[in-house]
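Quick notes on the structure that follows.
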Amino acid sequence: MILAMNSFNIVHCEAVSSSVNGGIFKELINQLITTLGNAEKFTFVTDNVNFHQMANFIEGTIHDIRFLAYYSPFVNPCEEVFSHFKSLVRRDTLPLRMDHLIVRMRYGCGHVTSEHLKNYIDHA
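Residue numbers (the UniProt record's numbering): 1 to 124.
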């Protein structure tokens, strides 16, 4: 799963059936930049995985990127959202097929409130 959020809502959430890599991450950032535009400056905060450091794809925009410390998932609010998703996915019974898993993941995206997100950010 790949996720972009702020304290109000989940801006982008996508189930990825493979490992996330530089290409997938770059595609996410490009989609976000297209959605957000350049009228207002946004700062992207991400964990410090090597392929996230390919920040040259935000050059030419007004946006900025900041990295969390290495090996510090406990300060990444997205990890809290992933934990929330996992509890929703595993509730009742485990999904038996990939399509069931994706349906539950999408359900999870729609059931994280702005209050949850604010709490996750405050906790991080």
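Heads up, the beta-carbon is just placed ideally off N, CA and C, and yes, glycines get one too.
The beta-carbon separation of D64 and T35, rounded to 17 Å, does not stay under the 8 Å limit for a contact.
For H116 and L3, the gap between their C-alpha atoms comes out near 15 Å. H123 is positioned such that its CB atom lies closer than 8 Å to that of E80. The way I'd put it, the stretch 4-11 does touch the stretch 107-121; three or more beta-carbon pairs between them come closer than 8 Å. Here F74 is exposed: its Cβ has fewer than 16 other Cβ atoms, across all protein chains shown, within 10 Å. F85 is not a Cβ neighbour of M98, given a cutoff of 8 Å. C109 is bridged by DSSP to nothing; it lacks a bridge partner.
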